[in-house]
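J.: I have a structure here, written as structure tokens, and I will follow up with some questions on it.
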């Protein structure tokens, strides 16, 4: 059995996997207790708000047996996890919730793959929204189609709208189950501006999910407008395994002598802090070794770093990626496109650049997810090798 924990600055993500565990009604298996123990100890050690949650206090339990007794009071590790969070979004309205982003999943292998851009996917990137005058029914609109995906071979494109799956209207209560299937059919609609309604256009698109590796560099081009050469990069995920390709994309922009640069982060929900630092270094280049971002952990972890390795809290602008020179543009101004889904590492790039160059943000207010993460495993040292 392996369990995995994602934790960090403001975000805490935990994933676990149980193998060879049978349903024994109300009889708790040793594996269940082990996972619960891991949840508590991981949160106690690394959770940003550890000091604000009484049940996570270092002196809350005077023995392992006392802790075990507490853990047995929870039917599932997920219930324990939610109960140990600091005003989580699952229990408090958005305006009152403190922890909006911590979550728990049950397959760490899938999680690790997704963090590198690999997922089981049909290739349709979409966003859901309420239908006009409804608080339950949803419609979906296509933002882009991934190359080499099942959807890329079908009659579906950016801007298309759907309201049902397999003939069933999407709602807030059923959309997750309907869209989680490995294959399904989207029922397409057209917006009638006169009546402000969505009407069936008779079109359906059958889709099948396959394992896809998403290159986050979706578009990289130069647009000439008068005397200006405008570089445009649509970047959809901070995946560290694509950093060399990102650097190559900047080499192309640099070789064409761009005068302006537009970074499109509208659909970028974040990813690697290291990649964010490298991207900021490609955009600039004149600030090497200066601090791009400084991490803040809970008091216990922060004190440890401050005493033993204070430099590890600093993420500095760099001029190399694994020994290869970064293709820096040395810009003093950048235009960044955003939506409400622009989050995490994307916001870090914006905030980290603001003290150094002019950042013109165009679009919606971003998510407000100023967090990063590390991965901890269920071992004595929280390392994967254990």
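Numbering (the numbering used here), first residue to last: 54 to 439. Note that the Cβ used here is the ideal one computed from N, Cα and C, for glycine as well. If you're wondering where the values come from, they're calculated on a predicted model, not measured in any experiment.
Excluding sequence positions up to five away, which residues of its chain have a Cβ less than 7 Å from the Cβ of residue 266?
T.: Correct list, in chain order: 170 and 171.
J.: Assign residue 324 to one of two classes, buried (16 or more other C-beta atoms within 10 Å of its C-beta) or exposed (fewer than that).
T.: Answer is buried; the Cβ neighbour count reaches 16.
J.: With DSSP as the reference, label residue 105 as helix, strand or coil.
T.: Three-state result, residue 105: helix.
J.: How many whole angstroms separate the CB atoms of residue 139 and residue 157, which I take to be in contact at a CB cut-off of 8 Å?
T.: Between residue 157 and residue 139 the Cβ distance is about 15 Å, and since that is not below 8 Å, they are no contact.
J.: What does a CB cutoff of less than 7 Å around residue 384 pick up in its chain, not counting 5 residues either side in sequence?
T.: Here the set comprises 314, 336, 337 and 410.
J.: Taking the straight line between their C-alpha atoms, what separation do you get for residue 378 and residue 296?
T.: C-alpha separation (whole angstroms): 12 Å.
J.: Nearest-angstrom Cα distance between residue 188 and residue 226?
T.: So the two alpha carbons sit approximately 11 Å from each other.
J.: For the pair the region 128-135 and the region 89-107, tell me if three or more CB-CB distances fall below 8 Å.
T.: Yes, they touch.
J.: Decide yes or no for the touch test of the region 420-429 against the region 351-364: beta carbon pairs closer than 8 Å, at least 3 of them.
T.: These segments do not touch.
J.: Taking the runs of the alpha helix (DSSP H) that are 4 residues or longer, which of them lie wholly in the region 218-264?
T.: Runs of the alpha helix (DSSP H) inside the region 218-264: 228-233.
J.: Given residue 249, which residues of its chain have a CB within under 7 Å of its CB, disregarding the five upstream and five downstream residues?
T.: The residues are 185.
J.: Less than 7 Å between the C-beta atoms of residue 178 and residue 197, yes or no?
T.: Yes, they are a contact pair.
J.: Taking the beta strand (DSSP E) that residue 272 falls in, what are its first and last residues?
T.: Element bounds for residue 272: 270-278.
J.: Hey, is residue 105's beta-carbon within less than 7 Å of any beta-carbon in chain C?
T.: No chain C is present in this structure, which holds just one protein chain.
J.: Would you mind stating whether residue 393 and residue 417 have Cβ atoms separated by less than 7 Å?
T.: Yes, the Cβ-Cβ distance between residue 393 and residue 417 is below 7 Å.
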